[in-house]
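Notes follow once the structure below has been shown.
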Amino acid sequence: MYAFYKRIETQNQLSTDFLSFQPQVSVDVRNSLVGWLTSLHFSLDLLQPTLFLAVNIVDRFLSVEVVSSEHDLKQVAIVALVIACKFEENWSPTALTLMEEDEDGYGSTYYSQQQINAIEKNILQKLGWKLLVPTIHSFLVEIFESCGYCDQEFKDMAFFFGEVALNDYHATISYSPSTLAVSAIYAAMCVLKKSRGSKRRFLNTNQSYSKGEVTFCARRI
78 MYAFYKRIET QNQLSTDFLS FQPQVSVDVR NSLVGWLTSL HFSLDLLQPT LFLAVNIVDR
138 FLSVEVVSSE HDLKQVAIVA LVIACKFEEN WSPTALTLME EDEDGYGSTY YSQQQINAIE
198 KNILQKLGWK LLVPTIHSFL VEIFESCGYC DQEFKDMAFF FGEVALNDYH ATISYSPSTL
258 AVSAIYAAMC VLKKSRGSKR RFLNTNQSYS KGEVTFCARR I
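Sequential numbering from 78 applies to the sequence shown in our numbering.
So this is what it looks like as structure tokens:
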């Protein structure tokens with residue numbers, strides 16, 4: 078599965094600096110949006126992969142479609158989370174439910190179900206209906222399944238750094254999801270003070286990524 082993900086991640090790579098043609102969406106606005114989406118995701122006790130897919134959907138949509146206002150951006154994020162839930166969860170909240178959960182009031186403007194359906198259809202069409210895309214989470218899961226010996230604390234730390242990377246726009250456009258996943262694991266090894274030998278073996282196992290790139294990316298996130 079890892080090899081398959083590596084093969085298709087280049088086909089879904091985000092456009093370089095896609096926010097440069099978004100007049101209403103700055104880097105800070107995008108990063109704040111991801112933080113808000115993370116809080117909403119947490120309040121609903123959703124699965125981890127749902128968040129990673131939702132952010133991926135938002136970023137890919139922003140790379141192909143201009144959003145006219147920050148409020149419209151919030152609606153896109155809410156519908157992206159609904160789409161991700163349909164793909165990853167056993168249940169899916171409605172967009173109207175998510176708007177009610179939004180304590181900041183970003184979803185307070187009333188949208189009919191018909192309007193929400195239109196937003197969802199537009200997002201899916203712009204993305205070519207592609208939802209089976211490798212995310213940072215996808216690669217973390219595959220790497221951990223292959224190593225077998227990782228304890229839960231280490232995994233939790235790596236997934237935490239994976240979520241931190243989601244909030245960094247420049248990291249998102251500069252590195253592939255697989256590179257961010259490897260760097261998140263390396264960052265976790267450093268924080269948990271894993272031995273130099275362990276870190277060296279990990280880098281040797283993942284030789285398709287340069288040591289300099291991984292260590293620099295790990296320091297960034």
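Built from N, CA and C at the ideal position, the CB exists for glycine as well.
List the whole-angstrom C-beta distance separating residue i from residue j, where the pair is believed to meet the contact cut-off of C-beta under 8 Å.
i: residue 246; j: residue 108; result: 6 Å
i: residue 263; j: residue 291; result: 5 Å
i: residue 144; j: residue 192; result: Not really, about 15 Å apart at Cβ, beyond 8 Å.
i: residue 140; j: residue 92; result: 4 Å
i: residue 298; j: residue 258; result: About 11 Å separates the two Cβ atoms, so there is no contact after all.
i: residue 101; j: residue 147; result: 6 Å
i: residue 212; j: residue 129; result: 4 Å
i: residue 175; j: residue 117; result: 7 Å
i: residue 33; j: residue 244; result: What is shown of the chain runs 78 to 298, which leaves residue 33 out entirely.
i: residue 271; j: residue 280; result: That belief does not hold up - the Cβ atoms of residue 271 and residue 280 are roughly 12 Å apart, past 8 Å.
In chain order, what residues of the same chain have a beta carbon less than 7 Å from the beta carbon of residue i, not counting five sequence neighbours either side?
i: residue 125; result: 214, 236
i: residue 283; result: 259
i: residue 115; result: 128, 240
i: residue 83; result: 255
Quick one: using the 10 Å Cβ neighbour count with 16 as the cut-off for buried, is residue i buried or exposed?
i: residue 137; result: buried
i: residue 239; result: buried
i: residue 294; result: buried
i: residue 95; result: buried
i: residue 78; result: exposed
i: residue 81; result: exposed
i: residue 131; result: buried
i: residue 43; result: Outside the modelled stretch of the chain, which goes from 78 to 298, sits residue 43, for which no answer is possible.
i: residue 87; result: exposed
i: residue 195; result: exposed
i: residue 185; result: Reliability fails at residue 185, whose pLDDT of 49 lies under 50, so the model's placement of it is uncertain and the value that follows must be treated cautiously. The residue is exposed, with fewer than 16 neighbouring Cβ atoms inside 10 Å.
Identify, in the order they occur along the chain, each residue of the same chain with its Cβ nearer than 8 Å to the Cβ of residue i, setting aside the five sequence neighbours on each side.
i: residue 134; result: 157, 160, 161, 200, 204, 208
i: residue 166; result: 123, 124, 127
i: residue 163; result: 169
i: residue 223; result: 79
i: residue 106; result: 147, 150
Can you list, in chain order, the residues of its chain whose CB lies under 6 Å from that of residue i, leaving out five sequence neighbours each side?
i: residue 227; result: 221
i: residue 266; result: 276
i: residue 64; result: Residue 64 lies beyond the range of the chain shown here (78 to 298); nothing can be said about it.
* Residue ranges of each alpha helix (DSSP H) within the segment 88-154, 4 or longer -> 104-120, 125-139
* Asked: Is there contact between the segment 146-153 and the segment 230-237, where contact requires at least three CB pairs shorter than 8 Å?
  -> With the rule of 3 Cβ pairs closer than 8 Å, the segment 146-153 does not count as touching the segment 230-237.
* Does the count of Cβ pairs from the segment 249-268 and the segment 204-224 closer than 8 Å reach three? -> yes
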